[in-house]
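Heads up, the sequence shown is in the numbering used here, so the first residue is 423 and it goes up one at a time. Backbone N, C-alpha and C define an ideal beta-carbon position, used for all residues, glycine too. Have a look at the structure below before the remarks.
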Amino acid sequence: MTMERLLDLLSDGSFHSGRALGEALGVSRSAVWKQMQRLQELGVEIYSVKGRGYRVPGGLDLLDQAHFTALLSEPARERLAEIAFAPEVASTNEVALSALGRGVRSGLYAAEYQSQGRGRRGRSWLSPYGSNLYFSLAWRFSAGVAGLEGLSLAVGLAIKDALARSGVHDIKLKWPNDLLWEGCKLGGVLIELSGDASGECEVVIGVGLNVRLGHDQKQVIDQPATDLVRLMGQAPARNELLALLVDELVAMIIRFENAGFSSLRERWQAANAHHDKAVRLIAGAHEVRGICRGVDDSGALLVETDTGIQAFHGGEISVRAQE
Numbered sequence: 423m424t425m426e427r428l429l430d431l432l433s434d435g436s437f438h439s440g441r442a443l444g445e446a447l448g449v450s451r452s453a454v455w456k457q458m459q460r461l462q463e464l465g466v467e468i469y470s471v472k473g474r475g476y477r478v479p480g481g482l483d484l485l486d487q488a489h490f491t492a493l494l495s496e497p498a499r500e501r502l503a504e505i506a507f508a509p510e511v512a513s514t515n516e517v518a519l520s521a522l523g524r525g526v527r528s529g530l531y532a533a534e535y536q537s538q539g540r541g542r543r544g545r546s547w548l549s550p551y552g553s554n555l556y557f558s559l560a561w562r563f564s565a566g567v568a569g570l571e572g573l574s575l576a577v578g579l580a581i582k583d584a585l586a587r588s589g590v591h592d593i594k595l596k597w598p599n600d601l602l603w604e605g606c607k608l609g610g611v612l613i614e615l616s617g618d619a620s621g622e623c624e625v626v627i628g629v630g631l632n633v634r635l636g637h638d639q640k641q642v643i644d645q646p647a648t649d650l651v652r653l654m655g656q657a658p659a660r661n662e663l664l665a666l667l668v669d670e671l672v673a674m675i676i677r678f679e680n681a682g683f684s685s686l687r688e689r690w691q692a693a694n695a696h697h698d699k700a701v702r703l704i705a706g707a708h709e710v711r712g713i714c715r716g717v718d719d720s721g722a723l724l725v726e727t728d729t730g731i732q733a734f735h736g737g738e739i740s741v742r743a744q745e
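This is the structure we're talking about:
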């Protein structure tokens with residue numbers, strides 16, 4: 423609790439002396455210093471100036487479950503059986519999977535920090551504390567695994583729609599799960615599912631969205647990345663943005679359940695980051711080169727090669743523009 427209270431005190435972005443912080447928390451100055459070290463390990467940017475104390479540049483906009491729930495639309499609130507926020511988790515996807523294991527039919531799970539956040543193909547997802555958005559939706563589908571083709575593309579469209587409502591436009595979608603702005607990664611989706619081919623299945627939709635990336639954080643990402651601060655000129659209110667995202671996602675999931683991906687195909691085509699461009703598809707040691715021709719009604723990627731147009735489904739495939 424001390425760390426959470428400390429973050430509340432630092433959230434205004436002003437300088438606070440070690441003595442004042444210690445008095446407010448009922449701990450020693452050395453205990454405050456140790457907590458500052460821990461916050462830096464979690465990715466919080468701390469300025470320390472002798473004689474002035476500590477501050478978080480720009481302050482912190484922490485998630486508030488009660489505030490978020492009040493902002494959520496009534497249809498979304500009614501469809502989510504459980505909402506849970508946490509300061510720190512290993513992975514919000516793991517929390518959502520655990521909830522499904524407990525019998526929860528639908529739920530939203532968000533955290534300020536993930537110690538083991540992950541993306542596709544086993545990659546780690548950088549998750550500094552209180553800077554970005556990391557959340558997962560747990561959902562039970564009755565159509566079976568076979569009916570979930572194209573779900574990650576539909577999720578990307580929902581996030582794009584929510585960002586447009588926030589004033590962020592020109593977002594492109596990279597098959598099957600990335601959001602790009604001018605070729606730089608803004609966010610990603612990781613879907614995990616289990617169940618029968620034709621019966622009920624359990625799905626976790628994990629979303630990571632860059633809101634504010636520090637300079638040091640951008641340096642350790644293995645591809646060009648951007649954040650909403652750059653796109654908007656300032657950091658959006660995270661609770662309000664998360665409510666917009668969840669509203670759009672719940673509405674999109676319901677639409678997807680009823681009509682599948684085919685009804686969304688043309689909209690996704692219009693946002694395709696690689697539309698009619700030369701691409702490389704990499705799957706392990708295997709590589710395919712060709713021209714991206716969009717997706718079919720199931721969400722499979724269509725690539726025109728020397729032998730004609732081939733359809734590629736999800737899995738361990740990486741798509742890159744040809745240099």
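Pick from the options: whose alpha carbon is nearest that of residue i?
i: residue 769; options: 622, 479, 550 and 502; result: Past the boundaries of the shown model lies residue 769; the chain is included only from 423 to 745, so the question cannot be answered.
i: residue 733; options: 597, 442 and 441; result: 597
i: residue 585; options: 617, 564 and 632; result: 632
i: residue 463; options: 537, 480 and 499; result: 537
i: residue 552; options: 498, 590, 482 and 610; result: 482
i: residue 576; options: 523, 646, 608 and 721; result: 721
i: residue 663; options: 736, 589, 708 and 620; result: 589
i: residue 578; options: 568, 569, 607 and 567; result: 607
i: residue 451; options: 702, 428 and 563; result: 428
i: residue 454; options: 435, 742 and 426; result: 426
i: residue 583; options: 505, 665 and 659; result: 665
i: residue 690; options: 738, 457, 573 and 651; result: 573
i: residue 660; options: 473, 444, 445 and 485; result: 485
i: residue 591; options: 700, 717 and 693; result: 693
i: residue 634; options: 619, 620 and 658; result: 658
i: residue 738; options: 704, 677, 636 and 699; result: 704
i: residue 636; options: 700, 729, 525 and 554; result: 554
Rounded to a whole number of angstroms, what is the C-alpha to C-alpha distance between residue i and residue j?
i: residue 715; j: residue 697; result: 6 angstroms
i: residue 543; j: residue 615; result: Below a pLDDT of 50, predicted positions are generally treated as unreliable, and residue 543, at 48, falls in that range; no measurement from the model is reported.
i: residue 437; j: residue 571; result: 51 angstroms
i: residue 740; j: residue 439; result: 49 angstroms
i: residue 441; j: residue 432; result: 14 angstroms
i: residue 581; j: residue 527; result: 22 angstroms
i: residue 413; j: residue 599; result: This structure leaves residue 413 out entirely; the chain is present only between 423 and 745.
i: residue 725; j: residue 713; result: 5 angstroms
i: residue 727; j: residue 710; result: 8 angstroms
i: residue 430; j: residue 424; result: 10 angstroms
i: residue 617; j: residue 680; result: 19 angstroms
i: residue 479; j: residue 470; result: 11 angstroms
i: residue 569; j: residue 461; result: 43 angstroms
i: residue 743; j: residue 534; result: 33 angstroms
i: residue 646; j: residue 609; result: 12 angstroms
i: residue 651; j: residue 468; result: 18 angstroms
i: residue 477; j: residue 447; result: 16 angstroms
i: residue 523; j: residue 558; result: 15 angstroms
i: residue 707; j: residue 735; result: 17 angstroms
i: residue 495; j: residue 670; result: 10 angstroms
i: residue 458; j: residue 475; result: 11 angstroms
i: residue 443; j: residue 648; result: 34 angstroms
i: residue 508; j: residue 487; result: 9 angstroms
i: residue 719; j: residue 702; result: 22 angstroms
i: residue 678; j: residue 587; result: 20 angstroms
i: residue 656; j: residue 729; result: 48 angstroms
i: residue 723; j: residue 700; result: 13 angstroms
i: residue 435; j: residue 525; result: 42 angstroms
i: residue 445; j: residue 473; result: 17 angstroms
i: residue 745; j: residue 653; result: 26 angstroms
Considering only the beta carbon of each residue, do residue i and residue j sit closer than 8 angstroms?
i: residue 519; j: residue 668; result: no
i: residue 731; j: residue 561; result: no
i: residue 532; j: residue 556; result: yes
i: residue 503; j: residue 594; result: no
i: residue 565; j: residue 672; result: no
i: residue 500; j: residue 563; result: no
i: residue 567; j: residue 619; result: yes
Less than 7 angstroms between the CB of residue i and some heavy atom of the ligand GDP, yes or no?
i: residue 667; result: The ligand GDP is not part of this structure, which contains no ligands at all.
Step through the CB atoms of chain B and report whether any lies within less than 8 angstroms of the CB of residue i.
i: residue 577; result: In the structure shown, chain B cannot be found, because there is only a single protein chain.
Okay, do the segment 622 to 633 and the segment 503 to 523 touch, 3+ Cβ pairs below 8 angstroms being the bar?
-> By the criterion of at least three beta-carbon pairs nearer than 8 angstroms, the segment 622 to 633 is in contact with the segment 503 to 523.
What are the uninterrupted segments assigned as beta strand (DSSP E) that are 3 or more residues long and contained completely in the segment 683 to 709, given in chain order?
-> 700 to 705
Stretch pair the segment 598 to 606 + the segment 487 to 507: three plus CB contacts closer than 8 angstroms | no
Unbroken stretches of the alpha helix (DSSP H), 4 residues or longer, contained in the segment 471 to 554 = 487 to 493, 496 to 501 and 514 to 523
Just checking, does the segment 681 to 697 make contact with the segment 496 to 514 on the three C-beta pairs under 8 angstroms criterion?
-> no
What beta strand (DSSP E) runs, 3 residues minimum, are completely inside the segment 607 to 650?
-> 623 to 631
Give, in chain order, every unbroken run of the alpha helix (DSSP H) that is at least 4 residues long and sits entirely within the segment 561 to 599.
-> 573 to 587
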